[in-house]
Amino acid sequence: MKVPNDLLYYKSHEWVKMEGDTALVGITDYAQNELGDLVYINLPNVGDELSRDDAFADVESVKAVSDVLSPLAGRVSEVNEELIDAPELINKNAYTAWIIRLKDLGDMDELMSAQEYEEFLKKEA
Amino acid sequence: MKLIFERSVSGRRTHLTPKSTFPSKELPQALARAKQPKLPEMSEVAISRHYTQLAKQTFGVNNGFYPLGSCTMKYNPRVNEAVAALPGFARMHPLQPKATVSGCREVLDTARAHLCEITGMDDMTFQPAAGAHGEYVGLLLMKQYHQSRGDHKRTRVLIPDSAHGTNPASASMVGFTVTHIPSDVEGCVDLKALKAALDDTVAGLMLTNPNTVGIFDPNILDITRLVHDAGGLNYYDGANLNAIMGWVRPGDMGFDVIHLNLHKTFSTPHGGGGPGAGPVGCKKLLSGFLPMSHMGSRIWEGEKPDSVGQVRAFYGNFLVVVRALTYILTLGKEGIPQASGMAVLNANYLMHKVKDAFPLAYDRICMHEFVLTLESVRKETGVSALDVAKCLLDYGMHPPTMYFPLVVKEALMVEPTETENRETLDEAAEVLLAIREMTKTRPEKLHLCPNTTPIGRPDEVGAARNPRVRYQFPD
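Taken in sequence, the protein lines are chains A and B. Letter by letter, the first sequence follows residues 0 to 124 of numbering that gives the first Met the number 0. Letter by letter, the second sequence follows residues 0 to 474 of numbering that gives the first Met the number 0.
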């Protein structure tokens, strides 16, 4: 299971990549592997205000539909529309297939480093 | 096999219509179709063969064991069909004069009385067309209750994370927002989390008990009391009523409103087998909000000012209610609890026979169903719950529900129902144990199952991403 070092992670299996004062958010390799082949994704609107733990997107696989939770508070400034027609990009590479970009970010107290997330995954299993 | 459109031959007919003796009249041009509809044209025997061939490709409870968890695939006794086909029921029209339909009214009144007795409710509507529609109507009652009291801030519905997916969907449809309540280690409602979520914005709680992991929540009285104390209402999802019918009543557990799935608990046909029925029962405090054109003796009663309105034409799927009532009267007061008792016994018997081979998600006495988790099997052998489900098809068994509830990884949810005898359960256990052996010795074979069915493994991802649900005519 890939866990790149330069990203931050959240307990519900989202990753965060800091870019200046914005953050890209996607789901982790572990999450896409658990979900299986994705067939549909529902994206939020640009401008949506999110609190931490708000469900901002949902992903549907052949097994189930799952919410994607926001790892931190912020405002959606961009959505990755490419995923609408090709949700399988998340299965191909979960860390390049970002879902949203957030700005006006809240605190990052709950985020984990790559090392902490790997420990967390071990406990989950 | 060929599709029905591919069998069509222009000009073929199933019957000859005698020449009309009335003067003919053409429709105004504006109302006429520009082109003929593309309907298949076939002889009667060709239609009959087509559907017989289709029927051969399906699998129903009349073909074999069908332990589809949460769906209660019990046998539908033939006597139900015989009674529903009586002309006094089958040939009625909902607008017939009142004096000519007293038998039908008696059916609705009697069914309502029995179902209210079984569930501990005071009143019931038969209008909702099936389970999810019942959920929607039940939640409308909840909304109307709070609004009638001027309590407009109650917009949240609490739903456990193990719930059926229809629960949050129905709550959204009614305009509520959903707060998920996590399960505790036993698979039941986490009381601490419930307390933390309760405040004066909560409209109510939706719960099924026993829950989707087949466990009766021991804290049910505390749960419903906490919700009531916070000013909310308790909604009972009747999906799992087959576990407790005749033993305990949702009304006595503290629930205010419930829906029933007559096609599950009361032996009426499922899904494609015919129309459903999802009656909604409620306590007195919600009775005034029930849909209009009430059934039974109150059919033609005047307007109800507080009603949520009409949710379906006339009295819902009346003939489904006739079948359910036939079932209730056939079993009687002793037979009803005996049926659910056997359903629970059957589930526990099968669970004990297979639990050493496939780990249980929650290892304790179950109610009408139990959930296996194949996470460790998948890690050891690469064989998934999906592979095992597909392999069961080769043994002439319908697979259990897969990948549900979502709180269990690699879940297989098994509900044998009271329909099955001991021999069938023994056979099913042997098959499951044989498959477990195969996961160790020949796991690669399991990825290729099924081999004996008309269709092997369909491309599920392709079907979901690029669904083709309409026939493409060659022209």
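The beta-carbon is built from N, C-alpha and C at its ideal position, and this holds for glycine as well. Here the structure is a predicted model, which means the values were calculated and not measured.
Counterpart residues of residue i in DSSP-defined beta bridges
i, result
"residue 66 of chain A", "A:57"
"residue 155 of chain B", "B:176, B:201"
"residue 188 of chain B", "B:182"
"residue 18 of chain A", "A:21"
"residue 39 of chain A", "A:59"
"residue 26 of chain A", "A:13"
"residue 280 of chain B", "B:123, B:257"
"residue 78 of chain A", "A:99"
"residue 462 of chain B", "Answer by DSSP bridge pairing: none, since residue 462 of chain B is not bridged."
"residue 48 of chain A", "A:74"
"residue 8 of chain A", "A:14, A:111"
"residue 410 of chain B", "B:372"
"residue 400 of chain B", "B:412"
"residue 67 of chain B", "B:413"
"residue 206 of chain B", "B:235"
Min CB distance residue i to chain A below 7 angstroms
i, result
"residue 405 of chain B", "yes"
"residue 299 of chain B", "Low per-residue confidence applies at residue 299 of chain B: pLDDT is 48, beneath 50, and the placement is therefore not dependable, though the value from the model is reported in the following sentence. For residue 299 of chain B, the answer is no, since every Cβ of chain A falls outside 7 angstroms of its Cβ."
"residue 3 of chain B", "no"
"residue 295 of chain B", "Residue placement at residue 295 of chain B is flagged as unreliable, the pLDDT there being 43, under the threshold of 50; the coordinate-derived value follows with that caveat. No, because no Cβ of chain A sits closer than 7 angstroms to the Cβ of residue 295 of chain B."
CB contact check: residue i to chain B, cutoff 7 angstroms
i, result
"residue 36 of chain A", "yes"
"residue 117 of chain A", "no"
Beta-carbon neighbours of residue i, restricted to chain B and to distances below 7 angstroms
i, result
"residue 62 of chain A", "402"
Which runs of the alpha helix (DSSP H) at least 4 residues long sit entirely within the segment 81-113 of chain A? Give them in chain order. 81-84, 87-91
Is it a yes or a no for the segment 7-23 of chain B touching the segment 40-55 of chain A, going by three-plus beta-carbon pairs under 8 angstroms? no
For the segment 445-470 of chain B, which residues have a beta carbon sitting closer than 7 angstroms to at least one beta carbon of chain D? The chain labelled as chain D is not found among the protein chains of the depicted structure, namely A and B.
Answer yes if the segment 415-433 of chain B comes into contact with the segment 82-90 of chain A, meaning at least three C-beta pairs across the two stretches below 8 angstroms, and no otherwise. no
Which whole runs of the beta strand (DSSP E) in the segment 210-278 of chain B are 3 residues long or more, in chain order? 232-236, 256-258
Runs of alpha helix (DSSP H) wholly within the segment 312-368 of chain B (minimum 4 residues, chain order): 317-353
Three Cβ pairs or more, each shorter than 8 angstroms: is that satisfied between the segment 318-332 of chain B and the segment 66-78 of chain B? yes
Does the segment 204-212 of chain B come close enough to the segment 233-251 of chain B to have 3 or more Cβ pairs within less than 8 angstroms? yes
Taking one C-beta from the segment 54-71 of chain B and one from the segment 407-424 of chain B each time, how about it: are there three or more such pairs within less than 8 angstroms? yes
Below 8 angstroms, how does it come out for the segment 361-374 of chain B and the segment 207-214 of chain B: are there three or more Cβ pairs, yes or no? yes
Inter-stretch contact (C-beta, 8 angstroms, three-pair minimum) for the segment 89-104 of chain B and the segment 244-254 of chain B: no
For the structure I just gave you, are there three or more beta carbon pairs, one from the segment 219-233 of chain B and one from the segment 325-345 of chain B, closer than 8 angstroms? no
Given 8 angstroms, three or more beta-carbon pairs between the segment 96-109 of chain A and the segment 8-27 of chain A: yes
Counting Cβ pairs closer than 8 angstroms, one from the segment 189-203 of chain B and one from the segment 438-456 of chain B, do we hit at least three? no
Does the structure place the segment 4-22 of chain A close enough to the segment 64-71 of chain A that three or more beta carbon pairs sit under 8 angstroms? yes
Under 8 angstroms, with one C-beta from each stretch per pair, do the segment 279-293 of chain B and the segment 262-271 of chain B reach the 3-pair mark? no
3 or more residues per run - each beta strand (DSSP E) lying fully within the segment 123-170 of chain B: 155-159
Touching or not, the segment 303-320 of chain B and the segment 124-139 of chain B, by the rule of three or more beta carbon pairs under 8 angstroms? yes
Secondary structure, alpha helix (DSSP H): runs of 4+ residues fully inside the segment 370-397 of chain B: 374-380, 384-393
Unbroken alpha helix (DSSP H) runs of length 4 or more, entirely within the segment 10-65 of chain B: which are they? 43-55
Using 8 angstroms as the cut-off, can you tell me whether the segment 443-453 of chain B makes contact with the segment 375-391 of chain B, which would need three or more C-beta pairs spanning the two stretches below that distance? yes
Segment contact flag, the segment 51-58 of chain B with the segment 10-24 of chain B, C-beta cutoff 8 angstroms, min 3 pairs: no
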